[in-house]
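Sequence order for the protein chains is D and A.
Quick note: the first sequence, position 650, residue 650 per the numbering used here, numbers continuous.
If you want the numbering used here, it's the position in the second sequence, counting the first as 1, plus 1000.
For every residue, glycine included, the Cβ atom is placed at its ideal position computed from N, Cα and C.
The structure under discussion appears below in the form of structure tokens.
Number of protein chains: 2
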Amino acid sequence: MAKKYVYLFKEGNADMRNLLGGKGANLAEMTNLGLPVPQGFTVTTEACNKYYKDGEVVSDDVVNQIYTALEKTEKVSGKQFGNKQNPLLVSVRSGARASMPGMMDTILNLGLNDEVVEGLAELTSNPRFAYDSYRRFITMFADVVMGVDRLKFEKAMDKIKEAKGYTKDTDLTPEDLKKLVKDFKAIYKKELKQDFPQEPRVQLLEAVKAVFRSWNNPRAEVYRRMNDIPAEWGTAVNVQCMVFGNMGDDSGTGVAFTRNPATGEKALFGEYLMNAQGEDVVAGIRTPSPITHLEEQNPQVYKQFVSICNKLEKHYKDMQDMEFTIEKGKLYMLQTRNGKRTAPAALRIAIDLVKEGMISKKDALLKIEPKSLDQLLHPTFDAAALKKAKVVATGLAASPGAACGKIALTPEKAKEMHKKGEKVVLVRSETSPEDIEGMAVSLGVLTATGGMTSHAAVVARGMGTACVAGCTKLSVREDKKEIVLAGTTLKEGAYIAIDGSTGNVYAENIKTTDAAITGDFATIMSWADEFAKVKVRANADNERDATRALELGATGIGLCRTEHMFFEANRIKAVREMIIATDAKAREKALNKILPMQKGDFVAMFKVMNGLPVTIRYLDPPLHEFLPHEEAEMKVLAKELGKTFQEIKDIVDSLSEFNPMMGFRGCRLSIVMPEIARMQTTAVIEAAIECKTKHNVDVHPEIMVPLIGDVKEFLYVRNIIVETADALINKAGIELTYKVGTMIEIPRAAITSAEIAKHAQFFSFGTNDLTQMTFGFSRDDAGKFLGNYYDKRILESDPFVRIDEQGVGYLMEHTVKNARAVDKNFKCGICGEQGADPLSVQFAHNIGITYVSCSPFRVPIARLSAAQAAIRNPKCK
Amino acid sequence: MAKKYVYLFKEGNADMRNLLGGKGANLAEMTNLGLPVPQGFTVTTEACNKYYKDGEVVSDDVVNQIYTALEKTEKVSGKQFGNKQNPLLVSVRSGARASMPGMMDTILNLGLNDEVVEGLAELTSNPRFAYDSYRRFITMFADVVMGVDRLKFEKAMDKIKEAKGYTKDTDLTPEDLKKLVKDFKAIYKKELKQDFPQEPRVQLLEAVKAVFRSWNNPRAEVYRRMNDIPAEWGTAVNVQCMVFGNMGDDSGTGVAFTRNPATGEKALFGEYLMNAQGEDVVAGIRTPSPITHLEEQNPQVYKQFVSICNKLEKHYKDMQDMEFTIEKGKLYMLQTRNGKRTAPAALRIAIDLVKEGMISKKDALLKIEPKSLDQLLHPTFDAAALKKAKVVATGLAASPGAACGKIALTPEKAKEMHKKGEKVVLVRSETSPEDIEGMAVSLGVLTATGGMTSHAAVVARGMGTACVAGCTKLSVREDKKEIVLAGTTLKEGAYIAIDGSTGNVYAENIKTTDAAITGDFATIMSWADEFAKVKVRANADNERDATRALELGATGIGLCRTEHMFFEANRIKAVREMIIATDAKAREKALNKILPMQKGDFVAMFKVMNGLPVTIRYLDPPLHEFLPHEEAEMKVLAKELGKTFQEIKDIVDSLSEFNPMMGFRGCRLSIVMPEIARMQTTAVIEAAIECKTKHNVDVHPEIMVPLIGDVKEFLYVRNIIVETADALINKAGIELTYKVGTMIEIPRAAITSAEIAKHAQFFSFGTNDLTQMTFGFSRDDAGKFLGNYYDKRILESDPFVRIDEQGVGYLMEHTVKNARAVDKNFKCGICGEQGADPLSVQFAHNIGITYVSCSPFRVPIARLSAAQAAIRNPKCK
């Protein structure tokens, strides 16, 4: 039998999401539940992949299956495609496995042509509706399917409105609309050198192809990359009988959530517009009414809707996000899906569902997107600063969090300012999918129009970016590079502050402060820790970061980069003196100046981390990073150190490298200059002794040697460390344990780890460098071609953000296996920046990593990821 | 039972070389053969390693075993250590597994003290001999054991000679020598604040320790590194009863070879000096007589010696290098070993031994050091140029090959000149072990004194460097930076030419030409090919190199680096135009200019390699390597291309990279700019079509994609290649096969090779880059710390010269296994510079590599190495 590429709604169910896409699977499920769903069929994601495999051609068998499904749909609906007397109109919509709101294309009212439109006008006795639908269809088809600029049609409409002195679209008479259809078809012909297609089946096939193509449009690609959706998934296409929310005042359309997506509150939440099509709500052109108003307007429909909502939530065991249309008083469900929500809402809903007995703790933890926790750690306004600040306008509290930055009026400007290191708030009349990259670099988004479900609101919530939408006192003058906010003109670049939790807008620079783990957040984190196997440490180089890490639940410091301690202005001089030294003696003299400062750093950190391990990585970067490179600076340095400019320049030149990443750095420094390791060990151990004896602190120093490639390198440095440390401990006459371990960040270290494991007390994967060398990608240079690699699908995700399991992961797994052969409890950590990426944490769990270490702010994300990994793969040790 | 650290000679044998060292094992073997060997014992290499392990201390059990062996030796010899009436004197010599001539220390006449010397004078009735021996011993002990500068003693001797008006050492009377001993002891005391040790057992232990220490002296370390001798081997110490060649005119000492070490001729070859100790011969201070003269001088001893020589050669089945001493008419054998020889001699001896039925072809092949073949490929003087050249002096033809270069008078100067890219001939009075690095960078060595077995001659032969020794018409004035050669003064830096095969010296610049494979060389190479499994290809980028490769027996081109074709003056402009292009169209225009040139290159190479495969690697280096970096050059380029200076500078700046090794290069270029791969494919395939159709050439192009890290990269570029190639072949309407494969030079490519192997038609390991990234060593920068790594024994050999089996080798083996799982004949080559290193070829054989590819001149070395690997490990496929 031929492969099945097309499923009627009644043939599918919710489990067929991979094949039918999310929308298609849920339409099928709702059909099975007996809910009022306009019937239709889904062309599968496999058909999409086949389309690309066949060279962007829809094969005959797929076409035939579409036609067969169409005929069955005609039967069910009692209407017929292209039949003037009883025309079937359909919508054609994309639907991928994962929700990608607004990223791909939709065509409504398909099936209309010059004849059918007349029939429809007669049938509905509503020529205004019929011609309005037709002109919308022509525009959409020309734009989405044929790539004609929508503006061309809008201009033609504006021309008529101007000529007639109309102000609103609804002022257009049926005759105007009829004329407009004629004009639109003329534009279509002029632009495309062909007539607008009159055959509905041709329209349908072209629309299906357009949806397939839209899977690879640039904004869909960006969205996929941001959300880790593989290109291989493809999109399904849903062809569904049209129902019309724009057939008069007894018709309407809306979207609703079973719980509040911003707060999680258990109450129906949504908006609707009477006499409108769905696109009107989503586009944010008119401001809709709250769903509760429907109770007054049409109590019967409202009651039916509430009952459906309850049924769906119980069925899916999660908060639902639904679209519906009322056609002449009859309710139709067009979509349901698990609703997107803010992080606070996600926590509250998860906890409530457990309390309501609907789901288990494990299910609750799996429902929360780890990355979304980031939102909870976003800043709020400093309470004192806020008191003095003045609210100049308010809008909808569309995505929580406080943001303050300089105004950017276009996504391009936002990116440009972000690149310069400026904090940016993107201010737009309304946002559209093209703005997505600009939104990604902004701390907050402010729009003049659009509701809680407008594009700006949905996308900002997804990103965890603060958003105030529908701020009516705002007008954006993009051409003049300014906005007018409650009567005051602000230039692009001026400060603005928004609070996405209250909707307040401020025309000033307000200090923000960080959030803490309390309430629902704390509950979920404690649940996570019950299940997680992989521990979470933090990367912290100073007392402040260590304190923050502890507050956010870190179980230790996994990476303290000692060189960061060297850059402070009062220390860099001694560091430079050390580098400029021409022999070991002079070097030691300079190192002795650094020693007390470094010791002080460690004392402070040990105190904060009382009872927890602190992993200290020894000097790692190439020495030239500490030296000045400008002539003027070199001259100053020469004077300071009593050298000639030429002497300094010679040293700077001699330390410059062709490939510093693979040059004189890491343990290579301490091998050539053992006095560095000696000084650092002295600082660590003296600090530990002081903490233990004077401050009664429980210290657990873990000394980590960077950039090992061979066991002999490790042994050489370890011996220096142990000799120095033991002498100090003996002299102090106390008991003090410390560990000496190594980074695994050179491929050869991973390969030969069986040997290294015999001598090291712990391993920590430096996944940044390991990724660089395994791929042969210089992180600083790869930007030049990685964009191209994404475009060409050679890479699907950034290996510096997510551990590459096939390559880098192979080396890690090999290493863990070798280490555990030596000692089944051998401590293996990860301290690269991938340490908090949920999929990387899952990988870490699967291969038996002891802990991941990440920046303090990402600790909660890693904790939840670790719990999810353990729940998903409980067998793993 | 306690571990045995000391073996009497009669307890050992030749197979115990690892434990007893070469010298010790052979002394034992000769003892067992009943030859006249002064008895003694060997302290094992394990004792040396224990000495280092114990922190440079000789442990009590070793000391006791030494004393026990000493007592047994006293019994055998009938003499006694420290006994005035019948004193035993011993020599203490190093002896590692591998011969390291002159690299470590020797102490003679040990056992003498103020009393014993008087006894010896009486016993021998030769006070001159006794005191001369004592003053030599004090000097040697002070120098070698205690580190006192030898010059201090020589000065004291010169003072007496001056005072007395003597010209030669032998003018010194016994009384003078007695006085000298007194002076020497005073110097000893002054320098060391202690008396010269009178207790022979103390002398002995200190001497043993000194030999152990000498294992790690700087020249031994350099020698080991050059000859791949691991530091872990350690040295043995041989303690042997002294026999004296300096007891009068019926005494003497000499060295001899059973065959001529320079030519391989089957005839006893050697030198001796009457009334002398061994050091006098080796040091080249007096010029000795040829061994054949001994027949006249002492026919009986000569006959006995010849008979011993024959016995030893038959026993060891190889040419022997022997040391002997005649004490008062009695012959003693002090050493035998397989003799070092020139490459031509090695070939002749190996072939002769097979002809004589002594060994098999396999044994013969194993006897030849592959690296030594290098000598045979050294240049000879151009015949025409030689006709016009004038011989101004002659010396001993100590190491074959012609060399012409500028005079350097010190090793430092030689190194300095070499660094500047100059050709150097090192000219010295005589060389010493300290000169070894200077010799290594010189094309030839010329000395004024010393024979065929002098330091200069032995070391130069080992290195394959041309050497003329003992050139009596030469006087070197190091202080004046000049030499006088047959009356003519030549300044340092002037041209000189030497012929190590004839001994001729020329004071001019003579053109040299390359050698070819004929005669014995051809015989051995054909034998080698009978056994070798690993094929040998060559790296060649042009017609000339390809021709040379074919002459030297390459079975194909394993690496043609297309970028080398781009640098020629008339091409670089088009290449730069291509790089400067801002879009694909402009880039294609520039590429079209390069296309015919590149096609021409390939036509020429295909013609040369008719019937053999040619592996073409596509553009690999970062583009900025093709661009000028000086402002002036950039301005010229701007003018040429009709751009502004700023435009050019912006492009140059934008292409500069932090770590170019891991940047925008290799296949990444063709992925971002597919038109490059398209042009290169067009050039390859059009050239192949032209060769096939117009020139009747059998073409086998193998297209190789560089720097693959993921199968998707390979597929992307392969698809471009295949599309382009197939279109051209179809158009031409002919049959033409080509292969598309990939380099394996990124660790990730090796790790994920199972996937890549499914799509590639061959693999070639780029062991240079693979080593860089596996170690995280930038080849251009690692020099800064690798020296330190060798000093500290963290690395024993340069991984860019010899494949690192543990790390890089693991990835290679993993890859070969994956490839062979896809296809058991999957072609896996090596095209890194390690391709001709004998141990690397052996590794290649062991893991089943199909071919290695190296520079044309190293092809014969690789062929022999491959044969040896197959003979040593015949089981490997």
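- From which residue to which residue does the alpha helix (DSSP H) around G1254(A) run? Segment 1252-1257 is the beta strand (DSSP E) holding G1254(A); no alpha helix (DSSP H) there.
- Hey, is L1839(A)'s beta-carbon within less than 8 Å of any beta-carbon in chain D? no
- Query: What residue range is occupied by the uninterrupted alpha helix (DSSP H) comprising C828(D)?
  - Reply: Segment 827-830 is the beta strand (DSSP E) holding C828(D); no alpha helix (DSSP H) there.
- DSSP three-state assignment for V441(D), whether helix, strand or coil: coil
- Task: Determine the chain D residues that contact D1780(A) at a beta-carbon separation under 7 Å, and present them in chain order.
- Result: F658, N659
- CB A345(D) to CB T258(D), shorter than 8 Å? no
- Message: Please identify the residue among S1307(A), V1148(A), V1076(A) whose C-alpha is closest to the C-alpha of L1035(A).
- Response: Comparing alpha carbon positions, the residue from S1307(A), V1148(A), V1076(A) closest to L1035(A) is S1307(A).
- Query: Just how far apart, CA to CA, sit E1074(A) and E1011(A)?
  - Reply: 16 Å
- Can you list, in chain order, the residues of its chain whose CB lies under 6 Å from that of D1321(A), leaving out five sequence neighbours each side? F1257, R1337, G1339
- Give the DSSP-derived three-state secondary structure of E265(D) in the structure shown. coil
- Note the first and the last residue of the continuous beta strand (DSSP E) segment covering P1613(A). 1613-1617
- Message: Check for me: the beta strand (DSSP E) holding M1322(A) runs from which residue to which?
- Response: Residues 1320-1327.
- Among E1813(A), A1725(A), V1652(A), Q1772(A), which one has its Cα closest to the Cα of L1707(A)? Q1772(A)
- Taking a Cβ distance cut-off of 8 Å, strictly less, list which residues of the segment 1762-1778 of chain A are near chain D, in chain order. D1769, Q1772, M1773, T1774, F1775, G1776, F1777, S1778
- Let me know if Q85(D) comes out buried or exposed under the rule of 16 or more other beta-carbons within 10 Å of its beta-carbon. exposed
- Item | Contact list for F785(D) against chain A, beta-carbon separation under 8 Å | F1664, R1668, I1671, V1672
- chain D beta carbons: is any one of them nearer than 8 Å to that of G1807(A)? yes
- Query: What are the complete beta strand (DSSP E) segments, minimum 3 residues, inside the segment 103-142 of chain D?
  - Reply: Fully enclosed beta strand (DSSP E) runs of 3 or longer: 106-110.
- Task: Run through the segment 504-537 of chain D for me and flag every whole alpha helix (DSSP H) of 4 or more residues, listed as ranges in chain order.
- Result: 519-531
- Message: Does any residue of chain A have a CB that is nearer than 8 Å to the CB of R748(D)?
- Response: yes
- Straight-line Cα distance separating E1356(A) from T1512(A): 36 Å
- Query: Taking any Cβ of chain A, which residues in the segment 36-56 of chain D have a Cβ under 9 Å from it, in chain order?
  - Reply: none
- Message: Assuming the contact rule is C-beta atoms closer than 8 Å, K1419(A) and E1437(A) should be a hit. Round their C-beta distance to whole Å, please.
- Response: Contact flag wrong, Cβ pair sits at about 12 Å.
- Query: Are any of the Cβ atoms in chain A nearer than 8 Å to that of N719(D)?
  - Reply: At a cut-off of 8 Å between beta-carbon atoms, N719(D) makes no contact with chain A.
- Message: For M679(D), count the other beta carbons within 10 Å of its own beta carbon; 16 or more makes it buried, fewer makes it exposed. Which is it?
- Response: buried
- Query: Residues in the segment 686-719 of chain D with C-beta within 9 Å of chain A's C-beta atoms, listed in sequence order?
  - Reply: From the segment 686-719 of chain D, only L707, G709, D710, K712, E713, L715, Y716 have a Cβ closer than 9 Å to chain A.
- Message: Give me the DSSP bridge partner(s) of A1098(A).
- Response: Answer is none; A1098(A) lacks a bridge partner.
- Message: Looking at chain D, is there any beta carbon in it that lies within less than 8 Å of the beta carbon of N1216(A)?
- Response: no
- Message: Does R286(D) pass the burial test, meaning 16 or more other C-beta atoms within 10 Å, or should it be called exposed?
- Response: exposed
- Tell me, please, whether the CB atom of I1744(A) is closer than 8 Å to any CB atom in chain D? Answer no: the Cβ-Cβ gap between I1744(A) and chain D never drops below 8 Å.
- If we count the other Cβ atoms within 10 Å of its Cβ and call it buried at 16 or more, is F775(D) buried or exposed? Taking every protein chain shown into account, the CB of F775(D) has 16 or more other CB atoms within 10 angstroms, so this residue is buried.
- Query: So R1428(A) is in the beta strand (DSSP E); what residue range does that whole segment cover?
  - Reply: 1424-1428
- Message: Any beta carbon of chain D sitting closer than 8 Å to that of I1803(A)?
- Response: no
- Can you tell me whether K330(D) is buried or exposed, with buried defined as 16 or more other CB within 10 angstroms of its CB? exposed
- Partner residues on chain A for N788(D), Cβ-Cβ distance less than 8 Å: I1671, V1672
- Query: When you compare each of V684(D), R136(D), P379(D), T767(D) to Q277(D) by their alpha carbons, which one comes out closest?
  - Reply: R136(D)
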